[in-house]
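Trainee: Following this message is one structure expressed as structure tokens.
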């Protein structure tokens, strides 16, 4: 809980109250809420937090979360090209600008309502060099492959809860989009058996490892580097 100083009481603190500042419903995503607690804004979809945005510009509290860890576990070159599968509120877009100076960030997001909310409530309207492909992932990935696009950093954040047999074909379509010295990071639920996917991805990348995010957390990252394409 983020403490805030209580007005008129020196040295006293009270817990910041959670306020719902926006509500929406989408046929693609279901019930959507935007909440504020102090300087922390959250995008909540069907009860799950998809993104965090710091309205005060201080991203230090996010450094223990998987969005930041996904950038720490791989080597990201200066001025990278990045592909993010799944937008949410764009937490990772803001963090990429904290650690690098991306020449272009491409995002695949199938829900236009999520795109609008991210622009209006999560600061994406101020981000330059941002390309949002508002379509399903399969169509977007095929189009990028046909265009010969390659990326220094690819993050998959949509196969989080998929069974391995469903997630693997999706990830294999992403592998050819990773530049030769680029990286692919996959966000998985700890109960989604990330080891199965990691074993399969070793046929496509020279280095594959699994990183658990906090002992009590649910996120596990599969980190792939050294593309064989």
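In this note's numbering, the protein residues as written are 51 to 279. In this text, a Cβ means the ideal position worked out from N, Cα and C, and glycines have one as well.
Is residue 149 helix, strand or coil by DSSP?
Mentor: Counting from one through the chain shown, the residue named residue 149 turns up at place 99. If DSSP states are grouped into helix, strand and coil, residue 149 belongs with the helices.
Trainee: Comparing alpha-carbon positions, which option in 237, 254, 243, 70 lies nearest residue 222?
Mentor: Here residue 222 is taken as the residue at index 172 of the chain shown, counted from 1. For the residues 237, 254, 243, 70, the minimum Cα distance to residue 222 belongs to 254.
Trainee: If residue 180 and residue 216 are in contact, beta carbons under 8 Å, what's the gap, nearest whole angstrom?
Mentor: The residue labelled residue 180 in the question sits at position 130 within the chain shown. The residue labelled residue 216 in the question sits at position 166 within the chain shown. Not a contact, Cβ separation roughly 29 Å.
Trainee: In this structure, does DSSP put residue 232 in helix, strand or coil?
Mentor: Taking the chain shown and counting its residues from 1, one reaches residue 232 at position 182. Correct three-state label for residue 232: strand.
Trainee: Pull the bridge partners of residue 75 from the DSSP assignment, please.
Mentor: Taking the chain shown and counting its residues from 1, the one referred to as residue 75 is at position 25. Residue 75 is bridged to 81.
Trainee: Residue 237 and residue 183 look like a contact to me (Cβ under 8 Å); what is the Cβ gap, rounded to whole Å?
Mentor: Reading the chain shown from its first residue, position 187 is the one you call residue 237. Reading the chain shown from its first residue, position 133 is the one you call residue 183. Between residue 183 and residue 237 the Cβ distance is about 19 Å, and since that is not below 8 Å, they are no contact.
Trainee: Please go through the same chain and pick out, in chain order, the residues whose beta-carbon is closer than 6 Å to the beta-carbon of residue 228, but skip the five residues on each side of it.
Mentor: As a working mapping, residue 228 is identified with position 178 in the chain shown. Excluding sequence neighbours, residue 228 sits near 204, 234, 277.
Trainee: Does the beta-carbon of residue 207 have 16 or more other beta-carbons within 10 angstroms, so that it is buried, or is it exposed?
Mentor: Looking up residue 207 in the chain shown gives position 157. That one is buried.
Trainee: Measure from the alpha carbon of residue 159 to the alpha carbon of each residue in 173, 80, 135, 174, then state which is nearest.
Mentor: Here residue 159 refers to the residue found at position 109 of the chain shown. Closest by alpha carbon: 135.
Trainee: Mapping the DSSP letters down to three states, classify residue 182 as helix, strand or coil.
Mentor: Looking up residue 182 in the chain shown gives position 132. Strand, per DSSP.
Trainee: Please report how far the alpha carbon of residue 96 lies from the alpha carbon of residue 248, in whole angstroms.
Mentor: The count along the chain shown starts at 1 and reaches residue 96 at position 46. The count along the chain shown starts at 1 and reaches residue 248 at position 198. The straight-line gap from Cα to Cα measures roughly 29 Å.
Trainee: Evaluate the contact criterion for the segment 162-180 versus the segment 141-150: three or more CB pairs, one atom per stretch, below 8 Å.
Mentor: Segments in contact, yes.
Trainee: What distance in whole Å lies between the Cβ atoms of residue 105 and residue 91, which are believed to be in contact at a cut-off of 8 Å?
Mentor: Mapped onto the chain shown, residue 91 falls at position 41. Mapped onto the chain shown, residue 105 falls at position 55. Confirmed, Cβ separation roughly 6 Å.
Trainee: CA-CA distance, residue 279 and residue 192?
Mentor: What you label residue 279 is simply residue 229 of the chain shown in a count that begins at 1. What you label residue 192 is simply residue 142 of the chain shown in a count that begins at 1. Cα-Cα distance, rounded: 16 Å.
Trainee: Hey, residue 164 and residue 133: beta-carbon distance below 8 Å or not?
Mentor: For the purposes of this step, residue 164 is identified with residue 114 of the chain shown, where counting begins at 1. For the purposes of this step, residue 133 is identified with residue 83 of the chain shown, where counting begins at 1. No, Cβ-Cβ distance for residue 164 and residue 133 is not below 8 Å.
Trainee: For residue 215, report the span of its beta strand (DSSP E) as first-last.
Mentor: Residue numbering aside, residue 215 sits at position 165 when the chain shown is read from its first letter. Run containing residue 215: none in the beta strand (DSSP E); it sits in the alpha helix (DSSP H), 214-224.
Trainee: DSSP three-state call for residue 188: helix, strand or coil?
Mentor: As a first step, residue 188 is located in the chain shown; it is residue number 138 there, counting from the start. Of the three classes helix, strand and coil, the one that applies to residue 188 here is helix, per DSSP.
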